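**Q**
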Amino acid sequence: MVSERSSDVDDTKHSSTAENPDASQPHKGIGVSPGIAIGPAYLYARVSFDVEERSVDPEEIQLETARFEKAVQKAERDLHKIIDVTREKLGEDSATIFEAQLLMLRDETVYPEVVRYIENHGINAGYAVQSVMGKHRQLMEASDNEYLRERSNDLLDIQDRIIRHLRRGHILSAVEKETIIIAENLTAADVILFSRRGILGCATDYGGPTSHVSIMARALGLPAVVSMHGITNIIRTGDIVVLDGIKGELVVNPDEDTLAAYRQKQERYARLVQEDKQLVGLPAETLDGHPVQLQANLELQEELELMKENGAKGVGLFRTEMLLLMQGRAIVTEEEQTLLYQKVVESVKPYETTFRILDLGGDKLLPMGHREHNPFLGWRGIRIMLEKKELLVPQLRAILRASSTGPTRILLPMITTIREVRRFKEILEETKAGLRSEGVSFDEDIPVGAMVEVPSVALQADAFAREVDFFSIGTNDLTQYTLAVDRGNDLVADIYDELHPAVLQLIRKTTDAAKMAGIPVSLCGELATNLRAVPVLLGLGVTSLSASPVYLPAIKRVIRAMKMTEGEALADKALALVDAQDFRDSMDKWLEEHACGVSFFLEGAAG
Ligand code: PEP
Ligand code: MG
66 MVSERSSDVD DTKHSSTAEN PDASQPHKGI GVSPGIAIGP AYLYARVSFD
116 VEERSVDPEE IQLETARFEK AVQKAERDLH KIIDVTREKL GEDSATIFEA
166 QLLMLRDETV YPEVVRYIEN HGINAGYAVQ SVMGKHRQLM EASDNEYLRE
216 RSNDLLDIQD RIIRHLRRGH ILSAVEKETI IIAENLTAAD VILFSRRGIL
266 GCATDYGGPT SHVSIMARAL GLPAVVSMHG ITNIIRTGDI VVLDGIKGEL
316 VVNPDEDTLA AYRQKQERYA RLVQEDKQLV GLPAETLDGH PVQLQANLEL
366 QEELELMKEN GAKGVGLFRT EMLLLMQGRA IVTEEEQTLL YQKVVESVKP
416 YETTFRILDL GGDKLLPMGH REHNPFLGWR GIRIMLEKKE LLVPQLRAIL
466 RASSTGPTRI LLPMITTIRE VRRFKEILEE TKAGLRSEGV SFDEDIPVGA
516 MVEVPSVALQ ADAFAREVDF FSIGTNDLTQ YTLAVDRGND LVADIYDELH
566 PAVLQLIRKT TDAAKMAGIP VSLCGELATN LRAVPVLLGL GVTSLSASPV
616 YLPAIKRVIR AMKMTEGEAL ADKALALVDA QDFRDSMDKW LEEHACGVSF
666 FLEGAAG
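The structure is reproduced here in structure tokens:
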């Protein structure tokens, strides 16, 4: 018989204060969906099954494969239901995550492999599912590809679903109502189903800003903090927790004063969100009449709705590598890419969509499992794409084909030298010629821009401005390469300062050159979401900001509370400084005085 070992929900209630002497001390993670949740924790542990191997008689094998098929059909029914709920709650685009899971159920390698496993080993279906899917998951988990690692969670979801049905069990993503979910990891299906139970927010040990839990939480407006490294070992069901999705923090069993401060912050944030709704239709314009373009950074098509709700005027950065790696493959066909890009452009028009060509390498996937000692200084972005035409050309053809649907731009990542831009443009022209000869229509004048994320480009911005149609300043990398500090290394995180005067000087060099050449310049790094920086960035000459959609209303609020002259004065002051800390203080003072109502977005402003 099939047996199961279940690591079910732990609902032992005890206070963690003893283990955590200073209960008001926050635990840090990455805030991926803003908002404050206060309430009892619910430690959610995925029910996992350990199916025992059982041999079946040769005459039973067909019965076993039929049981497997039946369980798959039931899992399909579950997923269709989840897709319906998702469509109803979040719209069509969000349902694609589950549509992908639906496809995984009948994946052309996994499904037949399970059947073969049953047949060749004369073994029970549950064990075959566990072995085959387990093997595929292990491969995904061991991958260098963050996306693939995260998708292994989806496969586990499917595996559990099928095994449950083989056992004729029910799938329940059941949790207590009005709790804050604490889990090692959550799937998109978990988040959707939990949201129906009215959960207040969630915190996970693993995950990053682009994992499904984060995207779903943002789309549902649920505060969420991920990458909390072992928070599930600290918190118990019933502990009172404060989850701060703005700062990416969680406080366990806070004292009265801390709780009161967070309640105030929660009320202020709720008021702000209400007010933001009115703000969406208003222009992003300074008090003295300078318009600013606010665009969205997107990674997945699920975020398209969110971008509209938050009033973005186009997509300033579409990180295509995420979209492609979502499929669990580094290479996606031209046809698949074209369909995806067309869908995005169609949805974003009349505004423009800026597709950045694959930015592989660095902390993202490298093709062919290539490994490097110093990946951020290695084979990355444009350096890979110029060598791997089998990646570049299909992507370019797909972007060009999508460009006949609506305004489309191409953005080049990790540009370091002029030669790279020129070589790219040659390949672009060859690709255009190919399409022309096939009679395929595309935008002949599709703009090509360069990411300004390596100091050499900022320093030579005049020359680059003559070669490209626009600049997009990537402060995440520009900071790392200017200050020689790994953007993902906790040990040197205090040196990683996007407001360092050296970084600001490079931004100024870039905006000056863009102005001289008459080309647009946008900033799409995380610095755009740092509200204290917004006036100074505009003062430095940045005319367009691109950020994750949920942050756009707050950015607009700051823009509408400032005069460009103030921004310019702050920028001059910042450039003259040698230490960024002084600048930070005057920026915070400015925000406070101008009562933008957003000052609690800043670090260290818990109250
Ligand atoms: C950047 O470097 O600032 C940027 C926007 O690109 P990414 O974060 O994808 O490297
Ligand atoms: Mg970058």
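Using this note's numbering, the letters of the sequence shown map in sequence onto residues 66 to 672. Glycine residues also receive a C-beta, built at the ideal position from the N, C-alpha and C atoms. Computed from a predicted model, the values in this text were never measured in an experiment.
1. Give the straight-line distance between the Cα atoms of Leu442 and Ala523, rounded to the nearest whole angstrom.
2. Threshold first: 4 residues or longer. Then list the alpha helix (DSSP H) segments lying entirely within the region 162 to 213, N to C.
3. Hey, out of Glu164, Lys154, Ala160 and Arg152, whose CA is closest to Glu141's CA?
4. Can you find the residues in the same chain that come closer than 8 Å, C-beta to C-beta, to Asp637, ignoring five residues on each side of it along the sequence?
5. Is Met450 near the ligand PEP, with its Cβ less than 8 Å from a heavy atom?
6. Could you check which residue in His201, Ala349, Thr608 and Pro105 has the C-alpha nearest to that of Ile620?
7. Is the beta carbon of Thr264 less than 9 Å from the beta carbon of Glu243?
8. Please return the same chain residues whose Cβ sits closer than 8 Å to the Cβ of Ala284, not counting the five positions on each side in sequence.
9. Less than 8 Å between the CB atoms is what I'm expecting for Lys378 and Gln358, so what's the real figure, rounded?
10. Of the residues Thr630, His294 and Thr252, which one's Cα is nearest the Cα of Ala282?
11. What does the alpha-carbon distance come out to for the pair Leu213 and Glu206?
12. Taking only the alpha-carbon atoms, compute the straight-line gap between Ala578 and Gly514 and give it to the nearest angstrom.
13. What is the C-beta distance between Ala612 and Ala639, in whole angstroms, given that I count them as a contact (C-beta under 8 Å)?
14. Counting pairs of beta carbons, one from the region 121 to 139 and one from the region 294 to 303, are three or more of them closer than 8 Å?
15. Check Asn375 in the structure and name its three-state DSSP category.
16. How would you call Gln402, buried or exposed, if buried means at least 16 neighbouring beta carbons within 10 angstroms?
17. Of all the options Ala254, Leu543, Arg232 and Ile246, which has the alpha carbon lying nearest to the alpha carbon of Arg675?
18. Given a cut-off of 9 Å, decide if Ala463 and Tyr406 are closer than it, judged by their beta-carbon atoms.
19. Which two residues bound the contiguous beta strand (DSSP E) that contains Asn719?
20. CB-CB under 8 Å to Met169, same chain, minus the five flanking residues each way: which ones, in chain order?
21. Grab the span of the beta strand (DSSP E) containing Gly381 for me, first residue to last.
22. List the endpoints of the continuous beta strand (DSSP E) containing Ser537.
23. To which residues does DSSP link Phe420 through a beta bridge?
24. Taking only runs that begin and end inside the region 490 to 546, name each unbroken alpha helix (DSSP H) of 4 or more residues, in chain order.
25. Using only alpha-carbon positions, find the residue among Arg216, Val180, Val568 and Trp444 that is nearest to Arg202.
26. Taking Val568 as the reference, give the member of Pro585, Leu602 and Gly553 with the closest Cα.
27. Which residues are close to the ligand MG, meaning CB closer than 5 Å to any heavy atom, in chain order?
**A** Let me spell this out:
1. C-alpha separation (whole angstroms): 17 Å.
2. List check, alpha helix (DSSP H) in window: 175 to 186 and 190 to 206.
3. Nearest of Glu164, Lys154, Ala160 and Arg152 to Glu141, Cα basis: Glu164.
4. Same-chain partners within the cutoff: Gly604.
5. For the ligand PEP, no non-hydrogen atom lies closer than 8 Å to the CB of Met450.
6. Distances from the CA of Ile620 to each of His201, Ala349, Thr608 and Pro105 were compared; the closest alpha carbon is that of Ala349.
7. Sequence inspection shows Ile at residue 264; the Thr mentioned does not correspond to that position. Taking 9 Å as the Cβ cut-off, Ile264 and Glu243 qualify as a contacting pair.
8. Once the five neighbours on either side are set aside, the close Cβ partners of Ala284 are Leu155, Ser159, Glu367, Glu368, Glu370 and Leu371.
9. That pair is a contact at about 6 Å.
10. If we check each option's Cα against that of Ala282, Thr252 comes out closest.
11. So the two alpha carbons sit approximately 7 Å from each other.
12. Just so you know, the alpha carbons of Ala578 and Gly514 end up roughly 14 Å apart.
13. Not really, about 20 Å apart at Cβ, beyond 8 Å.
14. Fewer than three beta-carbon pairs drawn from the region 121 to 139 and the region 294 to 303 are found closer than 8 Å, and the two stretches are therefore not classed as touching.
15. Asn375 falls in the coil class under three-state DSSP.
16. Per the 10 Å Cβ criterion, buried.
17. Here the chain comprises residues numbered 66 to 672, so residue 675 is not present and cannot be evaluated.
18. Yes. Within cutoff.
19. Because residue 719 is not part of the residues shown, which for the chain are 66 to 672, the question remains open.
20. For Met169, where only same-chain residues beyond five positions count, the Cβ hits under 8 Å are Val175, Asp219, Leu220 and Ile223.
21. DSSP places Gly381 in the uninterrupted beta strand (DSSP E) bounded by Val380 to Arg384.
22. In the DSSP assignment, Ser537 falls within the beta strand (DSSP E) that extends over Phe535 to Ile538.
23. Partner(s): Phe383 and Ile475.
24. Segments of the alpha helix (DSSP H) lying fully in the region 490 to 546: 520 to 524 and 526 to 530.
25. Cα-wise, what sits closest to Arg202 is Arg216.
26. Answer by Cα proximity: Leu602.
27. Matched residues: Glu518, Gly539 and Asp542.
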